[in-house]
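K.L.:
Residue numbers (the numbering used here): 2 to 196. Idealized CB from N, CA, C, for every residue including glycine. Sharing a structure with you now.
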């Protein structure tokens, strides 16, 4: 039931169809990326009505600026970048910080300590309920919550997340490290998941 991801050629064909005014092409683009758009925005803003409005704004912007897409990255990443930008602006307008301030100075480089072996879904199963996991994820700052979701649930590579967020890959790895650590701490405290 899993679909193969679109190739760069598929992406360019869809963009060309939309720009060429082919009937139904833009609707196809929306259908193809609406779930990703929802994930990115909802993880940032956590408010259903705002998420709906911001998804609409995202696709309006996608339509308006699609001529700027250069096929240098996957269309999926480009659409997610627009969604991220729309959500980030929304949070800035509401004066909601998107990342926690880093007060940790333990002397070790975060990049040296990052591992990808923390399996969110396994932690959820071991912890008896996905509800605890989702509550823990929801407690993360918007940026960490979004990066964690894109990496672990949407399975985007760090390079694509860098394109979406405009952050350096090392910064993304640092946010992933802090988010995983906070999740481990929270899950260990609340349901006894081993760190």
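Measuring straight from C-alpha to C-alpha, what distance separates residue 5 and residue 11?
P.N.:
11 Å
K.L.:
Compute the distance between the beta-carbons of residue 210 and residue 138, then report whether it is under 8 Å.
P.N.:
Since the first residue shown for the chain is 2 and the last is 196, residue 210 is missing from the structure and cannot be characterised.
K.L.:
Could you compute how far the alpha carbon of residue 94 sits from the alpha carbon of residue 65?
P.N.:
22 Å
K.L.:
Out of curiosity, what's the CA-to-CA distance linking residue 96 and residue 84?
P.N.:
18 Å
K.L.:
Rounded to the nearest angstrom, what separates residue 54 and residue 86 at their Cα positions?
P.N.:
14 Å
K.L.:
For residue 141, collect the residues of the same chain with a Cβ closer than 8 Å to its Cβ; drop the 5 residues on either side in sequence, then sort them by chain order.
P.N.:
Hits under 8 Å: 149, 180, 183 and 184.
K.L.:
When you compare the CB positions of residue 37 and residue 81, do they come within less than 8 Å of one another, or not?
P.N.:
yes
K.L.:
Quick check on the DSSP output: the alpha helix (DSSP H) that includes residue 16 runs from which residue to which?
P.N.:
9-20
K.L.:
Thinking C-beta only, is residue 164 closer than 8 Å to residue 74?
P.N.:
yes
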